[in-house]
Structure formats: structure tokens, C-alpha cells
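Protein chains in written order, with our numbering: chain X, 1 to 474; chain R, 475 to 850; chain C, 851 to 944. Cβ atoms here follow ideal geometry from the backbone N, Cα and C, with glycine treated the same way. Heads up, the thing below is written out as C-alpha cells.
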Amino acid sequence: MSRQADLIVLGAGPAGANAAIAAAGAGLSVVLLDEQDAAGGQVWRAPWPGLVREARSSEARDGDRLRARLAASRVEALFGRRIWSVTRSFHVDAIGPGGNETFTAPRLVAALGAHERVVPFPGWTLPGIVGLTAATVLLKSHAVLPGQRVMVAGCGPLLAAVAAAIVKAGGTVAAVADLASPRDWPAATPLLATRPRLLAQGAGWVLKLAAGRVPVYFRHGVACAEGSGQVERVTLAPVDADGRPCGGVATVIKADALCVGHGLIPGAEITKLLRARHVYDRRRGGWVPELDAFGRTSLPGLFAIGDGAGIGGAASAELAGKLAGLVAAKDAGALPADAFARMAPPLRRKLGRLSVFSAAMARMMSLRAAQVAVIAADTVICRCEDVTRREIDAAFEAGAREVNQLKHFTRCGMGPCQGRMCGDVAAQLLAQRVGSREAVGHWTGRPPLRPVALDALIGDFDYGDIPIPEPAPL
Amino acid sequence: MSRVYDLAVVGGGIHGGAVALFAARGGMDVTLLDRGALCREASGVNAGTLTMQMTRLALIPYALKAHAMWASARDWLGHDVGVTVCDGLSLAFTEHEAELLTARAGKRREAGAPIEIVSGARAQAVEPGLSDKVLLAGHCPVDGFANAYLTGLTFRRALLEASVALREDTPVLGVEREAGGFALRTLAATIRARRLVLAGGVWIEPMLAWLGVHVPVKTLINQLAVTERIRPVMRTVVGIASGLLSLKQYPHGTVVIGGGWQGIGDPERGGVELVPERLIGNVRLACHAIPALRGARLARAWAGLEAETADAMPAVGPVPGVADAFVCGSVHSGYTSGPYVARLLVERILGREPEMPLFPIERLLGQPRPGITAAA
Amino acid sequence: MMIRLQAGTARPAAITLLVDGSPLSAPEGEPLATALGASGLLRLRDSPRTGAPRGAFCFMGACQECLVHVDGIPRQACMTPVRHGMVIERRGMP
Numbered sequence: 001m002s003r004q005a006d007l008i009v010l011g012a013g014p015a016g017a018n019a020a021i022a023a024a025g026a027g028l029s030v031v032l033l034d035e036q037d038a039a040g041g042q043v044w045r046a047p048w049p050g051l052v053r054e055a056r057s058s059e060a061r062d063g064d065r066l067r068a069r070l071a072a073s074r075v076e077a078l079f080g081r082r083i084w085s086v087t088r089s090f091h092v093d094a095i096g097p098g099g100n101e102t103f104t105a106p107r108l109v110a111a112l113g114a115h116e117r118v119v120p121f122p123g124w125t126l127p128g129i130v131g132l133t134a135a136t137v138l139l140k141s142h143a144v145l146p147g148q149r150v151m152v153a154g155c156g157p158l159l160a161a162v163a164a165a166i167v168k169a170g171g172t173v174a175a176v177a178d179l180a181s182p183r184d185w186p187a188a189t190p191l192l193a194t195r196p197r198l199l200a201q202g203a204g205w206v207l208k209l210a211a212g213r214v215p216v217y218f219r220h221g222v223a224c225a226e227g228s229g230q231v232e233r234v235t236l237a238p239v240d241a242d243g244r245p246c247g248g249v250a251t252v253i254k255a256d257a258l259c260v261g262h263g264l265i266p267g268a269e270i271t272k273l274l275r276a277r278h279v280y281d282r283r284r285g286g287w288v289p290e291l292d293a294f295g296r297t298s299l300p301g302l303f304a305i306g307d308g309a310g311i312g313g314a315a316s317a318e319l320a321g322k323l324a325g326l327v328a329a330k331d332a333g334a335l336p337a338d339a340f341a342r343m344a345p346p347l348r349r350k351l352g353r354l355s356v357f358s359a360a361m362a363r364m365m366s367l368r369a370a371q372v373a374v375i376a377a378d379t380v381i382c383r384c385e386d387v388t389r390r391e392i393d394a395a396f397e398a399g400a401r402e403v404n405q406l407k408h409f410t411r412c413g414m415g416p417c418q419g420r421m422c423g424d425v426a427a428q429l430l431a432q433r434v435g436s437r438e439a440v441g442h443w444t445g446r447p448p449l450r451p452v453a454l455d456a457l458i459g460d461f462d463y464g465d466i467p468i469p470e471p472a473p474l
Numbered sequence: 475m476s477r478v479y480d481l482a483v484v485g486g487g488i489h490g491g492a493v494a495l496f497a498a499r500g501g502m503d504v505t506l507l508d509r510g511a512l513c514r515e516a517s518g519v520n521a522g523t524l525t526m527q528m529t530r531l532a533l534i535p536y537a538l539k540a541h542a543m544w545a546s547a548r549d550w551l552g553h554d555v556g557v558t559v560c561d562g563l564s565l566a567f568t569e570h571e572a573e574l575l576t577a578r579a580g581k582r583r584e585a586g587a588p589i590e591i592v593s594g595a596r597a598q599a600v601e602p603g604l605s606d607k608v609l610l611a612g613h614c615p616v617d618g619f620a621n622a623y624l625t626g627l628t629f630r631r632a633l634l635e636a637s638v639a640l641r642e643d644t645p646v647l648g649v650e651r652e653a654g655g656f657a658l659r660t661l662a663a664t665i666r667a668r669r670l671v672l673a674g675g676v677w678i679e680p681m682l683a684w685l686g687v688h689v690p691v692k693t694l695i696n697q698l699a700v701t702e703r704i705r706p707v708m709r710t711v712v713g714i715a716s717g718l719l720s721l722k723q724y725p726h727g728t729v730v731i732g733g734g735w736q737g738i739g740d741p742e743r744g745g746v747e748l749v750p751e752r753l754i755g756n757v758r759l760a761c762h763a764i765p766a767l768r769g770a771r772l773a774r775a776w777a778g779l780e781a782e783t784a785d786a787m788p789a790v791g792p793v794p795g796v797a798d799a800f801v802c803g804s805v806h807s808g809y810t811s812g813p814y815v816a817r818l819l820v821e822r823i824l825g826r827e828p829e830m831p832l833f834p835i836e837r838l839l840g841q842p843r844p845g846i847t848a849a850a
Numbered sequence: 851m852m853i854r855l856q857a858g859t860a861r862p863a864a865i866t867l868l869v870d871g872s873p874l875s876a877p878e879g880e881p882l883a884t885a886l887g888a889s890g891l892l893r894l895r896d897s898p899r900t901g902a903p904r905g906a907f908c909f910m911g912a913c914q915e916c917l918v919h920v921d922g923i924p925r926q927a928c929m930t931p932v933r934h935g936m937v938i939e940r941r942g943m944p
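Next comes the structure, spelled out in C-alpha cells:
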């Protein structure tokens, strides 16, 4: 009892929602699936159902606009669906409110977005420590401050956004620690100039923090976090341009919450599961699928777009989504070639103009090898399984040369997060011994894409209905 | 390099690893080659079940001996692979299954397996987490399970300690016979040995073809799944009379679900895709047997390989017509019986009479290709 | 302790849930991890091998650190809207 469509889109963020809308507009029947309650992904995440916020930021308005366009389209958008299996070409299984549902289509768009990278430090697993994207969810979508005195640390554009948002909401930022130097921001200015609104935001945060009398420690990283049962103190230490501690005065900040993040990792899970070809691209966040100019992967019928296919930001994601939706419609024969020839070039030009900017932002968020190299031996790397750096190093000594073997030797990556939180750093640690990220590879993609409750998976059934094959010979 | 080994073993899974280990301890100068890392194929990703209740009748005497070896892995392997010895239950929920169970358990008991048929109530006393719907169960007090993914690490240590020349990530491209033995072509060098053991699991067919011997071997793609850590919900290893369920909970709390439901794959690519309906069917059986599992979440699923010959019996013995060449593999429940079968073969190679018969492959020559298993 | 923003914000009426046997008040539909955080309950579980305290980390359903028992079933607190009468247990390991 599988729902058939011309196109299935997985992920209703800026990329996926736009792909769905464009494809449906060109005449395809489109099913759009997302686990959340509404479209918007993480960057334009709606307030939780029931929560009403009057003052809407420009980002919130972008999200509202997307949700309105989606509602006005002919896309069949299904929310609250946890996708757990995707097989060729293509069947999707997802757990929804009524149990397991299956969908089939000859074309699939993967737009699962990104998740954060936090390079571990002693104490990083203490309650009260959340990621930077987590902090934006708390502030925008839950309307809460992460704590009474919030320490904000890490690197990249999210750092500024979170600190400014807390101040704007009337909260207290104990301090901001940026791995980058103040010179790194103006260096990005020519590029930011192509995105005037973001430039204003970027300049604005410095002013806001100054107005809020928030101490900003440039070229500082988190040396450790401490507390009894939850975070109470964060120690900052000076670092060099590569993120390596360089001696100098450490500063202890009292805080009951720490928001920390070191960039974003593309959620290329669908493309890995389906075994499309991937390439390691540090600037775009790590392992990303090989793509043509229209988002097609090496697997016919499979598209990958947005941050899930390589970090590039929401504006690029929207355009890539529109383009992929049109291409899918053209490939399916629904959109005539001449119409496509009219509609695609403006999108591609805009993407081209954005690409320099989005590359610069991605670079600010890419992995700093030196920061990983100095992680202390007893620091937990795999949170799910409590695997420390010491154990990863020991696995190399015992002969592990790629990450799946590392997994077998240590259980790193075998826990419920399926290696999302630890995978990039664990692979980097192993690669530093083996020689390259390409050599150590990435975790093999396997279902379920997210943990699924067995109860929901099996539904109601009669024992006699289970198609048990012939028993093995005696 | 003009070194000529006494023995070259091609294939670094349980069979190849154990052959290399026992041969080295028997005084031979041994090299072991694998195209990848040790125990990463079938041997590293199976369900780890060590049970009498799904073992082929003819293999029960071997499984009994092998079981004892696993339970004392520290003695011969030097380290343990997380072996838990515990009660095993094979369940019957329907009259048909009860008949099947009674017949099969009876035959297995005659062959020496310590299995008795018990009522559903008695089975529940053994396994408090068991469903109320069990009619009858086969009970074996000395079943058990190991932690398959630890196998590679453990064998590696033991082989290095035994001075086996380990050549991982070394695909063998072909083998030529020479005066005095065999020349194994690899990318980097030619390895020479007086004797050869082919222990290539699902790749035994192309390996035997190097020597001009043709034995069709089928590749099974077995789906497996594991939950995240949960509170204790079971204390036995559980199966079903039809053989299509294997279920156990590890000391650290995860539950592994298997039973031979077929996924999609082949020897070249491995297990590449799981069939969702079959995963669901397998999980339904598991939840039917241990209802508390319903409250767990599935964390991961994968597919592992298993080799099967035309008559589903092992291929262990000399290679016909090729002096000093041997084959070791396609042992059903290979993980369980592997170490013991390997030890028998090494006895033979060392010129002694093995204490149990091997499984000569003359019977398999010229067989038609094994058909597709009647899996769902 | 997380702090609910009030200015320019409206929430549904409060409901009561039980957390480790004690009543807790939160607006209906608020994500459980946030409801707990706003009551100062940041520690949600213990890590499997060392028993170290853990709490919600990513708030987007990826990290699995916020697992608590909701009416007897393990669920991610950041993805669970609170409902009246929910029984929450922070059971320690795992």
C-alpha cells in the first residue's frame, strides 16, 4: 500500500520546500516529508505549535513566507514523518502518526540540511551545554533563553547571531569567545558586501554586544567546562589562527549555560545510504555527494541540495532547490525544454553570484585540524558510547585504518546518534595518524536513518501474517 | 624476497584466522592474506549466535566441540570475544511449528545436542520476558552468543602473537602452481608457500577457480538489526522453530535481531541494501517472542554475507587434484563451528588424522549452481 | 535554568505532568526538554559506561542525548510536546 508520486522530497527546509514547490508548479505530483511540524528546516524553524511570537525577525518572516508558499502549492506536504529507510529507486519508509508509511517515486530529492559540529573539550558533555544551532532553536522556536548567564563560544556566523539574539531578548551573555580574530570579519567584508542584509547584521552584532557590555574574547577557545551535575564555569584560553592553544592567560567565566559550535556538517545521509559517489571537501563541511550543476548525484534520479549536500547557507539552498525542482520536472517530461531554458539561467546566475559569499561563510565554519589534534586523551569523543580519544588512538595502534573498522574496535559510532555527533572528529583523529580523510573514509550508510520505535515499526499484526519463508534444511 | 612460507592462508575471517593460528602454533611458518581487514565480512557482522538449535544435524558433534572452544576462548584465542553462555529457547507458536520443533529437536538430541522439549510455561520460567503465546519450546542449557564485531580485533592480536605474517589490505589476484608449492600474485609482490588454504567465505568459488576446480557457492545476504541500549528484557538466546529468528541481549543492553531474512547484495559489494518489509517481518517475530521489545528503538540495521554450497554442508578438506591445497569454508553456522573445523583441517595439514571427519568437496564438483533460497 | 521569554509571546495554558513522581507545570505543547530546562532540570540521563550526567544538546533530534521515559517508552524530549498527565522518568542508565 505504497503512495506513488512523480517526485519525493525529503526535508522541508529552504532547499527541499523550494524544490517541491517548483516541481509541483511545473506539473509533477510531489510528496514532501519532514519530521518537524512545519516547513522551514532549522534556519527558518517555526515556533512550536501553540507558541505565538509577535515580533518577527527577518528570518522569521522568510520562514513564514516559505510556509505560505508551500501551503498555497499543490505539494502534498506531510509533517511529523520520521524517514527511516530509502531504497532504490525509490522507495521511502517513514513512521508517521499512524505508523509506518511507504512512498514510491522515480525521482528523489535529498535535502536533509546540516547538523552542528562541536570539537570536544573536557566537560563538553555537561548538562547546560548546547550547540549554537540548538541555541538558535531555543531562542527562535522555543522562546527561551538557554540560561541566566550564557557563555557563547566557537566560530562562524552563528556565534554572532546567538550572542546578539540573547542580548536583544534581554538575556545576559557572560562572554563571547571567538576562535577567529577581529581581522577575520573585515576580511570577509568584500564578500559580505554581496549580501548587504547580512553585512548589516554582522556589523550590528558588534554594536549590540558593546551596548550590552558583553566581553568579547577573540582568538579564544574553550579549554574546559566544569560544574557539579551541570555547567557552572567555562575556562577560556588563547588560541592561534589554527585553533591551537598558544599559552597566555586563561580566563574563567561563570555561566550556567554554554552555547558552543564549530561549524556545520552536511547531513548527506540519504546519498550515503544509496551509495552515490562522494568526495571529501573540507570547505563544504566534509563528505559531500558528487553533483552536477543541477544537483543531480551519480545515481540516476537522485538529487541532493542545500546544506545537506554541502554547506552553503539558506539563500543558496533556496535557489538550488528551485533549480532542482525544475530539472526534475524537465527530466520527467513535465516541463518543456524551452520553458526550462528560460527559467533555469536566472537561477544559475544568482547562484553564481552567491557562490563566493557562501563559500566564504562555509570556510569560516570548516573543521580546524589543529583544534582536533590537541584534544586531551581522556576527553569523550563518542557521546553515545563514552569512547575517549585515548581509545581511538589505541584502536589505531591495534590496526584500525578506516572508520568502520574503528567502529568495530571501539563502538565509536554504534550508538543511537549513529555517528552524527562524533563522526567528523573521530574520522579526523584517525586521519591524522593514517594520513588523509579520504583514506579513512566515512561510516557506511545504513537504515534506519534515525532510531525508530519498534512499536511504531511493527504496528498491529497477526503472527500468521508474517511471511515466514521455508525453514532451512535440517 | 625469496622466503617460502610453509602455509599461505587466503581469507582472514574465522576460518582463515583459526587455520592460520593453529598452523602457526603447530610449528608452521604461516602467512595470512585478506583483501581487506580481518573479520570484516561475514565473521565480523553476523548475529554472533552460538546455538545448537539451528545447527545442521550432521554438524552437531562439531558445534558441541566448537561451543566448548568459544566458552574458553581465552585459552586458545588468548582473549575473549564477549562470549556469554546461557540458556537457549527455540519457540513454537503454532501447531505446525510445534510439530516441526519436536521432530527437529528430537533428531538434534539424538545427534548429541542437549535439547529438551518444554512447555510454554516452563519456557517462561527459564525466560521471564517470554510471550504468553508460546506452545512449546526447545530448551538447551548451554547455548550462547559472542560479540561478532570484536572478532577481528581479537584474532589480530592472537595472530600477531603467534608470529603469523599478516597481510591485510592485500588482495590476491591469482594463484599459480609451481615446483614446491604455490605462487600468490598480489599487487605489491608474489608470495610463495609450500601449502595453500583457501578460506575465502563467499569468494571460495572464484578462489577454487584459480586452481581449475569448479564448485558453485551461493551467497546469502542476511539482514540484522540492533536496538539501542535498553533495560534487561531477556536472559536467554531465543529462536523460532522455523529458524527465522535469532534474538539476544548483550550485557551492555543492546538487543540483536537476526534470523536469515534476505537483503540485497553480492560478493563484490557486500550487503548493500535492506528490504524494509523483511526487516519489519523479522522485528515482528522478535516482538512477538519478547513483548517488552516493543518499547525499544531500533538503532542500526545491516546485511552480512554467508556462503552456502549446493547441499548446504561445509567445504573443508583437500582440493581434488591439487596436492597441498585445501579449502575451508561454507560451514553453516560458520561462526559457531568455525574454530573447531579449522583445527581439524590443521591436524590434517600437519599430517595427523583429525578426530572427526572433514567435508571433502569431491561431492560438490560439477554441481549445478545452488538455487535462490525460498526466502520471503 | 532556561528562562521563558515573555515580551511579545503567548503560550497555551499550563498543564501538569509528573517528572520522577513530582508535578511540573508547563504550557501545553512545549517541547519536553525545554519544559524541563525551564524548571531547572537540565540533567536528563546518565551516560552508558561512566554514568556521567547528560542533557539535551542539539535540540533538533540528532544527538539522542535527551532520551527520557515518557509513559514508559524512551523518547527524545526535544521532540516530545508536553501533554497533561504525561509521566516522565529520568531513569539514569540508559
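So which residues of chain C does residue i contact, with C-beta pairs closer than 8 Å?
i	result
ASP386 of chain X	SER897, PRO898, ARG899, THR900, ALA902
Which of the three DSSP states, helix, strand or coil, is assigned to residue i?
i	result
ASP554 of chain R	coil
THR644 of chain R	coil
ARG411 of chain X	coil
LYS852 of chain R	Outside the modelled stretch of chain R, which goes from 475 to 850, sits residue 852 of chain R, for which no answer is possible.
SER355 of chain X	helix
PRO788 of chain R	coil
CYS560 of chain R	strand
ALA848 of chain R	Reliability fails at ALA848 of chain R, whose pLDDT of 38 lies under 50, so the model's placement of it is uncertain and no value is given.
ARG233 of chain X	strand
ALA38 of chain X	coil
HIS762 of chain R	helix
MET943 of chain C	Confidence is the limiting factor: at MET943 of chain C the pLDDT is only 48, short of 50, which leaves the residue's position unreliable, though a coordinate-based value still follows. DSSP places MET943 of chain C in coil when its eight states are reduced to three.
TRP443 of chain X	coil
GLY485 of chain R	coil
ARG578 of chain R	helix
TYR280 of chain X	strand
Measure the alpha-carbon distance for residue i versus residue j and round it to whole angstroms.
i	j	result
ALA454 of chain R	ALA12 of chain X	Past the edges of chain R, shown from 475 to 850, lies residue 454 of chain R, and the structure says nothing about it.
VAL646 of chain R	ALA620 of chain R	30 Å
LEU839 of chain R	HIS688 of chain R	6 Å
GLU751 of chain R	ALA268 of chain X	24 Å
THR847 of chain R	ASP798 of chain R	Low confidence applies to THR847 of chain R: its pLDDT is 43, below 50, so where it sits in the model is not reliable enough to give any reading.
ALA161 of chain X	GLN148 of chain X	18 Å
ARG411 of chain X	PRO898 of chain C	12 Å
ILE853 of chain C	VAL216 of chain X	23 Å
Hey, quick one: how far does the beta strand (DSSP E) through residue i stretch, first residue to last?
i	result
GLN148 of chain X	Per DSSP, GLN148 of chain X belongs to no beta strand (DSSP E) and is neither H nor E.
HIS919 of chain C	917-920
THR251 of chain X	251-254
ALA257 of chain X	257-262
ILE865 of chain C	864-869
Which chain C residues are close to residue i, counting only those with a beta carbon under 9 Å from its beta carbon?
i	result
GLU35 of chain X	GLY911, MET929
Since residue i meets chain R, which of its residues come closer than 7 Å, beta carbon to beta carbon?
i	result
GLY922 of chain C	GLY769
Along chain R, which residues have their Cβ under 8 Å away from the Cβ of residue i?
i	result
SER85 of chain X	LEU748, PRO750, LEU753
LEU112 of chain X	Under the 8 Å cutoff, chain R gives no residues; its nearest Cβ is about 18 Å from LEU112 of chain X.
Is it the case that the CB of residue i approaches a heavy atom of the ligand NAD more closely than 7 Å?
i	result
GLY445 of chain X	The ligand NAD is not part of this structure, which contains no ligands at all.
Locate the alpha helix (DSSP H) running through residue i, then write down its first and last residues.
i	result
PRO157 of chain X	157-168
Which chain X residues sit within Cβ distance under 8 Å of residue i?
i	result
ILE853 of chain C	VAL144, LEU145, GLY147, GLN148, GLY171
Quiz prompt | Every unbroken beta strand (DSSP E) within the stretch 61-120 of chain X, with a cutoff of 3 residues, ordered by chain | solution = 76-78, 82-87, 91-96, 99-104, 107-110, 114-116
Quiz item: Counting only runs that start and end within the stretch 499-575 of chain R, where is the beta strand (DSSP E) found for 3 or more residues in a row?
Solution: 504-507, 558-566
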